[in-house]
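Read the structure below first, then the notes.
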Amino acid sequence: QSLDYIYIDARHDYCGVKEDMEAYYPKLRPGGIMAGHDFMYSSEVAKGHGNWSICEDGSVHPGAVRGAVQEFAESHGLVVSVMYREGGFNTWMTQKPTKSECVKESGKWTDSTIP
2 QSLDYIYIDA RHDYCGVKED MEAYYPKLRP GGIMAGHDFM YSSEVAKGHG
52 NWSICEDGSV HPGAVRGAVQ EFAESHGLVV SVMYREGGFN TWMTQKPTKS
102 ECVKESGKWT DSTIP
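Below, the structure written as structure tokens:
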């Protein structure tokens with residue numbers, strides 16, 4: 002938990018985004034920011050940008066970046082904010098809860114309290 006800020010903008014398929022979030026979120030300190038680019042479903046992607054619904058393993062997930070981010074956030078009790086000013090290729094961000102926020106929610110603190 003040593004990173005203050007993580008920005009994800011590599012593979013744009015659902016699986017790639019989910020893998021990146023799962024790999025890096027544990028490294029994010031409480032109160033740190035995780036953000037990324039291209040908050041879109043595969044159906045919103047313009048021609049010429051590839052098919053974001055197909056994962057590297059061949060599986061199909063039309064959620065693409067947006068679906069992976071929303072699913073991850075929901076499973077970790079996080080709120081996602083989106084900046085809709087980039088011509089469709091929007092930036093998203095979420096903040097890992099702080100220790101005090103976790104204590105307020107659960108009444109106690111352990112390393113496993115942070116989602």
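Quick note on the working numbering: the sequence shown kicks off at 2 and runs consecutively. We treat Cβ as the ideally placed atom computed from N, Cα and C, and that holds for glycine.
- Taken atom to atom, the span from the alpha-carbon of Pro27 to that of His50 is near 30 Å.
- In this chain, the alpha helix (DSSP H) harbouring Arg67 covers Ala65 to Ser76.
- Excluding the 5 residues flanking it on each side, Ala74 has same chain C-beta neighbours closer than 8 Å at Val80, Val81 and Thr95, in chain order.
- Leaving aside the five residues that flank Val83 on each side, the residues in its chain whose CB is nearer than 6 Å to its CB run, in chain order, Phe40, Asn91 and Trp93.
- For the set Ala69, Gly33 and Val70, the Cα lying nearest the Cα of Leu4 is the one of Gly33.
- Annotation: Val66 to Met22 spans about 11 Å, alpha carbon to alpha carbon.
- One thing to note: Ser60 has its Cβ within 8 Å of the Cβ of Cys16.
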